[in-house]
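Novice: Numbered by this note's numbering, the letters in the sequence shown go through residues 49 to 371 in order.
Pasting in a structure now, in structure tokens, and then I'll have a few things to ask.
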Amino acid sequence: MSASLVGDVAVPVYVLGGFLGAGKTTLLNRLMARREAENLAVIVNDFGAIDVDSTLLERREEDILSLRNGCVCCSLQGDLFSTIRMLLGRTPQPEMIVIECSGVSRLTDMRTALMDSVIWRHAALEGVLCVVDAQSLVVEDEGVFDPLWIEQIRAADLLTLSRLDILAPAEVDFAHARLRNIASGTPVVDTPEALLAHSALSGSGGRRRFAAVAAGVEGGKAEDSFASLAWESERPVDLALFQETVGRFSAQLLRAKGILYHAGASGSPLLLQMVGRRASLGPAPDRAAADPRTRLVFIGRRQGFPSGDLAEALDRCVVTTQE
49 MSASLVGDVA
59 VPVYVLGGFL
69 GAGKTTLLNR
79 LMARREAENL
89 AVIVNDFGAI
99 DVDSTLLERR
109 EEDILSLRNG
119 CVCCSLQGDL
129 FSTIRMLLGR
139 TPQPEMIVIE
149 CSGVSRLTDM
159 RTALMDSVIW
169 RHAALEGVLC
179 VVDAQSLVVE
189 DEGVFDPLWI
199 EQIRAADLLT
209 LSRLDILAPA
219 EVDFAHARLR
229 NIASGTPVVD
239 TPEALLAHSA
249 LSGSGGRRRF
259 AAVAAGVEGG
269 KAEDSFASLA
279 WESERPVDLA
289 LFQETVGRFS
299 AQLLRAKGIL
309 YHAGASGSPL
319 LLQMVGRRAS
329 LGPAPDRAAA
339 DPRTRLVFIG
349 RRQGFPSGDL
359 AEALDRCVVT
369 TQE
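Following this line, the structure appears as structure tokens:
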């Protein structure tokens, strides 16, 4: 790596992880808003072939780089290193690099990769943050107690709970207690303000915890356990038929997200967010209109993933005649 250092200090790198739909992008937007004046660079990893998350980030486009169709902890590791090298070659260099991992990334593998001796001298891992959906802890959504879900929690320097606002006080206490049982000793914060101020993300977290966390976790690539379908259409879809289709396949999906153009308002894209059986459709960010196509990603477990059937059903949702 030929990038030079600013003085003798490496650029700090923070890893943001969490299971599918935990709320990583929402949290990252909040953190970036509070550090708007800083020269930050964000690397976004989408497991599917369509880049969705970077469209949702409220930051200058040149600050956001996307790695898609794989996991930065395994199949995209070389691309990750090349991207970091490119960022370090900028003038001025970024003050901080944040890597938002896909929901199926193994955070232990990310930590190991970033401890590479060459990378470390120029871009030093300072902390691994894992976002945990508090509602899923309470209602035991699919994914809770999944080995990957547990690995992500135990590999973190700091945990933060999302969706606390929809829980009763007793349920919040239950979620905290369940996290303590899984990763006792790992600090948990509930707000972006507390997150920014926490010592685990202020300079030595990654170095301190690496040796304790890296050992004793079985390997395996995300592609071995999870599958994705990227679906696009240049024509709008019938919204009612689309909703019926997604509902019919929801039991076989862990996650769906993307930008949707529908026949009732073809000039106003919608944002689809689905985690398990919970789904929402709302106005898409303004920047989504730069690409006037429906573009969606569906993720599920590889065994039994209905890729072909789902694609055919989505194709039938496309409106082929002008209304």
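From the three backbone atoms N, C-alpha and C, an ideal C-beta is built for every residue, glycine too.
Quick one: grab the DSSP three-state call for residue 64.
Specialist: Strand, per DSSP.
Novice: With H, G and I counted as helix, E and B as strand and the rest as coil, what does DSSP make of residue 265?
Specialist: Unreliable placement is indicated for residue 265, whose pLDDT of 41 sits below 50; no coordinate value is reported for it.
Novice: Among residues of its own chain, excluding the 5 on either side of residue 280, which ones have a beta-carbon nearer than 8 Å to its beta-carbon?
Specialist: Cβ within range, chain order: 98, 341, 342, 343 and 344.
Novice: Counting along the chain, where does the alpha helix (DSSP H) carrying residue 238 start and finish?
Specialist: Segment: none, residue 238 is in no alpha helix (DSSP H) and carries neither H nor E.
Novice: Can you have a look at residue 71 and say buried or exposed, based on whether 16 or more other CB atoms are within 10 angstroms of its CB?
Specialist: When all chains shown are included, residue 71 counts as buried.
Novice: Cβ of residue 335 within 7 Å of any heavy atom in the ligand SAM?
Specialist: Inclusion of the ligand SAM in the displayed structure is not the case, the ligand content being empty and no account of it being possible.
Novice: Please classify residue 217: does DSSP put it in a helix, a strand, or coil?
Specialist: If DSSP states are grouped into helix, strand and coil, residue 217 belongs with the helices.
Novice: Could you tell me which residues DSSP pairs with residue 93 in its beta bridges?
Specialist: 115.
Novice: Provide the residue span of the beta strand (DSSP E) that contains residue 274, from first to last.
Specialist: Looking at the DSSP string, the run of the beta strand (DSSP E) that includes residue 274 is 274-281.
Novice: Look up residue 360 in the DSSP assignment and say whether it is helix, strand or coil.
Specialist: Residue state, collapsed to three classes: helix.
Novice: What do you get for residue 245, buried or exposed, if any count of 16 or more other CB atoms within 10 angstroms of its CB means buried?
Specialist: Exposed, by the Cβ-count rule.
Novice: Using 8 Å as the threshold, is the C-beta distance between residue 167 and residue 91 below it?
Specialist: No, these two residues do not count as a Cβ contact at 8 Å.
Novice: Give the secondary structure of residue 292 by DSSP, where H, G and I count as helix, E and B as strand, and everything else as coil.
Specialist: Correct three-state label for residue 292: helix.
Novice: Please list the terminal residues of the continuous alpha helix (DSSP H) segment that includes residue 157.
Specialist: Segment 155-162, the alpha helix (DSSP H) holding residue 157.
Novice: Compute the Euclidean distance between the alpha carbons of residue 365 and residue 358, then round it to the nearest angstrom.
Specialist: C-alpha separation (whole angstroms): 11 Å.
Novice: Please classify residue 217: is it buried, with 16 or more other beta-carbons within 10 angstroms of its beta-carbon, or exposed?
Specialist: The residue in question, residue 217, is exposed, as its Cβ has fewer than 16 Cβ neighbours within 10 Å.
Novice: Who are the near neighbours of residue 230 in its chain, counting only those whose CB is closer than 8 Å to its CB and skipping five residues on each side?
Specialist: For residue 230, where only same-chain residues beyond five positions count, the Cβ hits under 8 Å are 198, 201 and 202.
Novice: What does the alpha-carbon distance come out to for the pair residue 62 and residue 232?
Specialist: Whole-angstrom Cα-Cα distance: 22 Å.
Novice: With burial defined as no fewer than 16 other Cβ atoms inside 10 Å of the residue's Cβ, what is the status of residue 315: buried or exposed?
Specialist: Per the 10 Å Cβ criterion, exposed.
Novice: Between 155, 178, 352 and 317, which lies nearest to residue 104 when the distance is taken from Cα to Cα?
Specialist: Among 155, 178, 352 and 317, the Cα nearest to that of residue 104 belongs to 317.
Novice: Bridge partners of residue 342, per DSSP?
Specialist: According to DSSP, residue 342 bridges with 281.
Novice: For residue 315, name the three-state secondary structure that DSSP assigns.
Specialist: Three-state DSSP puts residue 315 in coil, outside helix and strand.
Novice: Mapping the DSSP letters down to three states, classify residue 99 as helix, strand or coil.
Specialist: Residue state, collapsed to three classes: coil.
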